[in-house]
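Peer 1: Numbering (our numbering), first residue to last: 234 to 368.
Quick reminder that beta carbons are idealized off the backbone N, C-alpha and C, glycines included.
Can you keep this structure in mind? I'll have questions shortly.
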């Protein structure tokens with residue numbers, strides 16, 4: 234994709250993910266080393282005031298990173314940052330999107346800033362962020 238194909242507002246990242254399962258959370262615990270019981274122990278989650286376990290924020294960020302690298306060659310990504318906006322419940326079906334927010338040049342390199350979001354099936358934003366890519 235080159236600069237002539239881009240315009241402010243153009244969606245260039247889009248990926249849907251299947252519902253988050255207990256099995257995924259358990260696998261992520263093992264892979265990440267994050268064994269916080271709030272993510273896998275129903276009794277612990279209920280004692281903490283939650284109706285059920287919920288996803289690791291970093292798992293949701295990984296989904297967004299995968300959606301970004303599926304759309305943009307990783308060597309063209311100059312930065313990637315996120316902010317956690319809401320808890321992602323078990324069973325959430327996530328959609329990751331990115332739209333061109335700015336076109337600019339930095340040190341002679343044409344770039345785009347991409348506004349990123351991850352939303353659940355109800356449209357609630359779970360993660361917001363941005364990426365800067367080289368064109």
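Just the Cα atoms here: how many angstroms apart are residue 336 and residue 360?
Peer 2: Cα to Cα, residue 336 sits roughly 23 angstroms from residue 360.
Peer 1: Go through the stretch 273-346 residue by residue and report every complete run of the alpha helix (DSSP H) that reaches 4 residues or more, in order.
Peer 2: 275-280, 290-304, all fully within the stretch 273-346.
Peer 1: Classify residue 362 as helix, strand or coil using the three-state DSSP reduction.
Peer 2: The answer is strand: DSSP assigns residue 362 an E or B state.
Peer 1: If I'm right that residue 289 touches residue 267 with Cβ under 8 angstroms, what's the distance once you round it to whole angstroms?
Peer 2: Sure, about 6 angstroms apart at Cβ, within 8 angstroms.
Peer 1: Can you tell me whether DSSP reads residue 245 as helix, strand or coil?
Peer 2: In the structure shown, residue 245 sits in a strand (DSSP, three-state: E or B).
Peer 1: Counting pairs of Cβ atoms below 8 angstroms between the stretch 270-287 and the stretch 296-316, do you hit three or more?
Peer 2: Too few Cβ pairs lie closer than 8 angstroms, so no.
Peer 1: Can you grab the Cα-Cα spacing for the pair residue 310 / residue 365, in whole Å?
Peer 2: Using only the alpha carbons, I get a separation of about 6 angstroms.
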